[in-house]
Structures are given as C-alpha cells and as structure tokens.
Amino acid sequence: MSQHFKETPQNAITESKIARVIPCKELDVGDPIKWLALGLRDMLKTPGLTVFYGVMFAIIPWCITLLVAMTGWHLVIMPAIVCFMLIGPFLAAGLYDISWELEKGHKPSLRHSLRSMRRNAVNEWGFGILLMILMIFWLRVASLIHALYPPYLDETLESLMPFLVMGTIVGALFTIGMLLITAFTQPILMERKVDLATAILTSVNAVWVNKVPMLIWGGIIFTAVVLGFITGFIGFVVLMPLLGYASWHAYIDAIATKRERKYE
Numbered sequence: 173m174s175q176h177f178k179e180t181p182q183n184a185i186t187e188s189k190i191a192r193v194i195p196c197k198e199l200d201v202g203d204p205i206k207w208l209a210l211g212l213r214d215m216l217k218t219p220g221l222t223v224f225y226g227v228m229f230a231i232i233p234w235c236i237t238l239l240v241a242m243t244g245w246h247l248v249i250m251p252a253i254v255c256f257m258l259i260g261p262f263l264a265a266g267l268y269d270i271s272w273e274l275e276k277g278h279k280p281s282l283r284h285s286l287r288s289m290r291r292n293a294v295n296e297w298g299f300g301i302l303l304m305i306l307m308i309f310w311l312r313v314a315s316l317i318h319a320l321y322p323p324y325l326d327e328t329l330e331s332l333m334p335f336l337v338m339g340t341i342v343g344a345l346f347t348i349g350m351l352l353i354t355a356f357t358q359p360i361l362m363e364r365k366v367d368l369a370t371a372i373l374t375s376v377n378a379v380w381v382n383k384v385p386m387l388i389w390g391g392i393i394f395t396a397v398v399l400g401f402i403t404g405f406i407g408f409v410v411l412m413p414l415l416g417y418a419s420w421h422a423y424i425d426a427i428a429t430k431r432e433r434k435y436e
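With this note's numbering applied, the sequence shown has no gaps in its numbers, which climb one by one up to 436 at the end.
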C-alpha cells in the first residue's frame with residue numbers, strides 16, 4: 173500500500189491562490205490493480221446494492237444512444253461515450269458511500285447511499301452543474317466537428333477518417349482534462365467539508381504528480397466504458413459499480429489526511 177507522502181509541489185496549480193491544495197500521497201504503478209481488487213471485494217459484500225446501481229448505469233448510456241439514433245448523427249457516438257464518462261463521477265456518489273460504509277465497518281443501505289449528496293450539498297451539486305456545463309460544451313464541439321463534414325461525401329471509412337481522427341484527438345485531450353478534474357473531486361467533497369475549488373485543485377494536483385499510475389487508471393476506466401458499449405450496455409451492470417468502488421479506494425490511497433482515519 174502506498175503510504176509515502178509527496179510534498180505538494182510548487183507549480184501553477186498550488187501557486188494559483190484560488191484555493192488550498194490538500195497534499196497527495198505517492199502512488200505506485202500497481203495501485204490501480206489493487207483498487208480493482210478492493211472494489212471487487214466491496215461488490216461481493218453488497219450484491220443487491222451493486223445490481224441496483226449497475227442497472228442505473230446501464231440505462232443511462234442506453235438513453236444516450238437512443239438520442240444519437242434519433243438525431244441520426246453517427247459522428248457523435250464517441251462524444252456520447254465521453255459524456256457518459258463525465259456524468260459517471262457525479263452519479264457514482266452512492267457507490268462511494270457504500271465503500272465508505274464498509275470501510276467504517278457499517279452495513280451499507282440504499283437510503284444512506286442515496287442521501288450521500290447531502291453531506292456537502294452546495295459544493296457537490298455545484299460539481300454536478302459543472303459537469304453538465306462541460307458536457308454541453310463538449311457536445312457543442314462535437315456538433316461543430318460534425319458540421320464540418322461535407323454532406324456530399326459518402327459515409328465511407330476513407331471519407332470519414334479525417335473527421336474521426338480530429339474527433340478522437342479532441343476527445344482524448346478533453347478526456348484527459350476531465351480525468352484531472354474528476355478523479356478525486358467527488359470523494360473529497362463527500363468526506364471533507366471543503367469548497368469546490370479546493371477539491372478540484374487537489375484532484376488536478378494529485379493526478380498531475382502521479383501521472384503514470386493515473387494514466388493507467390484512466391486507461392482502465394476508458395477500457396471498461398468501451399467494453400460496456402460493446403456488450404450492449406449489459407457490461408455496465410458489473411463494470412460501473414466495480415469502477416465506483418475502486419475509485420473510492422483510489423481516493424483513500426491518493427489524498428493525504430492530517431490524522432489517520434479511525435472508524436468506530
């Protein structure tokens with residue numbers, strides 16, 4: 173387990189003076205696999221709650237894909253996947269709560285997990301609104317890329333390739349930016365009475381100073397999302413709860429505390 177603390181580096185993040193940055197721990201490249209193992213343990217302990225949230229996460233991309241089919245904009249399928257990745261951290265709050273309750277030695281409940289957003293309500297809902305704004309922004313960018321596609325060209329792979337490449341590059345940059353912002357923000361807001369700016373800057377700093385482990389973790393998340401879509405969203409019933417539980421353990425490993433956690 174990673175127990176080494178990194179001194180908060182002096183960089184543009186910590187020197188921004190927007191908010192304080194909570195120190196992070198030093199992560200190992202093998203930590204993402206450990207988080208998955210801990211997430212699987214939590215799944216096996218709470219099968220009923222896991223299925224409930226898993227079904228919720230399966231319905232959401234189904235609705236997104238239905239909207240894509242209704243619009244006929246095939247080029248926005250990839251942006252829709254990215255949008256799902258944006259919404260995920262916000263909706264995963266209930267899963268974080270379940271892992272947190274297990275860590276305390278308590279018995280998780282659906283009611284308790286659904287009320288998890290009330291602990292730091294103003295900042296947590298502010299975070300949700302931020303994600304919605306970013307989602308809308310990304311959809312506008314995707315629409316712009318789609319508008320650049322000449323209507324007289326056939327929808328062949330060769331003709332679509334320039335636009336697919338452009339969309340992939342822009343989407344990759346946007347997804348990396350979202351990993352910085354969302355990796356630890358939600359669990360920070362759940363456990364600590366801090367403002368939104370502090371949570372976001374802390375998340376950005378923790379990802380930035382642990383680039384390799386967090387890129388591996390981001391790759392795992394993206395792979396899970398792709399697998400979920402390939403399986404017709406059925407895979408999300410298992411994959412999204414697993415990622416949610418694992419993300420809580422990632423937060424515990426990554427963000428430092430002044431005192432050791434002692435649960436009753």
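Using N, Cα and C, we set each Cβ at its ideal position, and we do this for glycine too.
Compute the distance between the beta-carbons of residue i and residue j, then report whether it is under 9 Å.
{"i": "histidine 421", "j": "glycine 211", "result": "yes"}
{"i": "alanine 355", "j": "serine 375", "result": "yes"}
{"i": "phenylalanine 405", "j": "proline 233", "result": "yes"}
{"i": "valine 384", "j": "leucine 352", "result": "no"}
{"i": "glycine 226", "j": "valine 410", "result": "yes"}
{"i": "glutamate 296", "j": "methionine 362", "result": "yes"}
{"i": "phenylalanine 309", "j": "threonine 347", "result": "no"}
{"i": "leucine 373", "j": "alanine 191", "result": "yes"}
{"i": "glutamate 275", "j": "arginine 433", "result": "yes"}
{"i": "leucine 303", "j": "leucine 368", "result": "no"}
Terminal residues of the continuous alpha helix (DSSP H) containing residue i?
{"i": "asparagine 317", "result": "Inspection of the sequence shows that residue 317 is occupied by isoleucine rather than by asparagine. Its alpha helix (DSSP H) spans residues 293–319."}
{"i": "histidine 421", "result": "408–426"}
{"i": "proline 280", "result": "Careful: proline 280 lies outside any alpha helix (DSSP H) and carries neither H nor E."}
{"i": "phenylalanine 401", "result": "383–402"}
{"i": "lysine 276", "result": "265–276"}
{"i": "threonine 441", "result": "Residue 441 is absent from the model: the chain starts at 173 and stops at 436."}
{"i": "arginine 213", "result": "203–217"}
Kindly give me the distance between the Cβ atoms of residue i and residue j, rounded to whole angstroms, as I take these residues to be in contact under 8 Å.
{"i": "alanine 230", "j": "phenylalanine 408", "result": "4 Å"}
{"i": "tryptophan 272", "j": "alanine 418", "result": "That belief does not hold up - the Cβ atoms of tryptophan 272 and alanine 418 are roughly 13 Å apart, past 8 Å."}
{"i": "threonine 357", "j": "phenylalanine 299", "result": "6 Å"}
{"i": "leucine 221", "j": "leucine 282", "result": "6 Å"}
{"i": "valine 193", "j": "asparagine 377", "result": "5 Å"}
{"i": "isoleucine 339", "j": "alanine 314", "result": "Inspection of the sequence shows that residue 339 is occupied by glycine rather than by isoleucine. About 7 Å separates the two Cβ atoms, so the contact holds."}
{"i": "methionine 215", "j": "leucine 414", "result": "6 Å"}
{"i": "alanine 428", "j": "cysteine 235", "result": "Not confirmed; about 39 Å, so no contact."}
In the DSSP output, which residue or residues are listed as bridge partners for residue i?
{"i": "lysine 430", "result": "Per DSSP, none; premise fails for lysine 430."}
Between the Cα of residue i and the Cα atoms of the options, which residue gives the shortest distance?
{"i": "isoleucine 317", "options": "Glu330, Ile305, Leu336, Leu306", "result": "Leu336"}
{"i": "leucine 311", "options": "Arg291, Val342, Trp389", "result": "Val342"}
{"i": "glycine 391", "options": "Ala314, Met350, Leu361, Pro334", "result": "Met350"}
{"i": "arginine 291", "options": "Arg364, Ile270, Lys279, Glu330", "result": "Arg364"}
{"i": "lysine 279", "options": "Arg287, Ile270, Phe394", "result": "Ile270"}
{"i": "valine 381", "options": "Ala426, Ile360, Val366, Pro359", "result": "Ala426"}
{"i": "leucine 345", "options": "Asp367, Met304, Leu387, Lys430", "result": "Leu387"}
{"i": "valine 223", "options": "Val294, Thr243, Met412, Thr403", "result": "Met412"}
{"i": "serine 285", "options": "Pro359, Trp389, Leu199", "result": "Pro359"}
{"i": "valine 366", "options": "Val294, Arg431, Glu198", "result": "Val294"}
{"i": "glycine 416", "options": "Ala209, Thr243, Met242", "result": "Ala209"}
{"i": "proline 204", "options": "Arg431, Tyr423, Lys430", "result": "Tyr423"}
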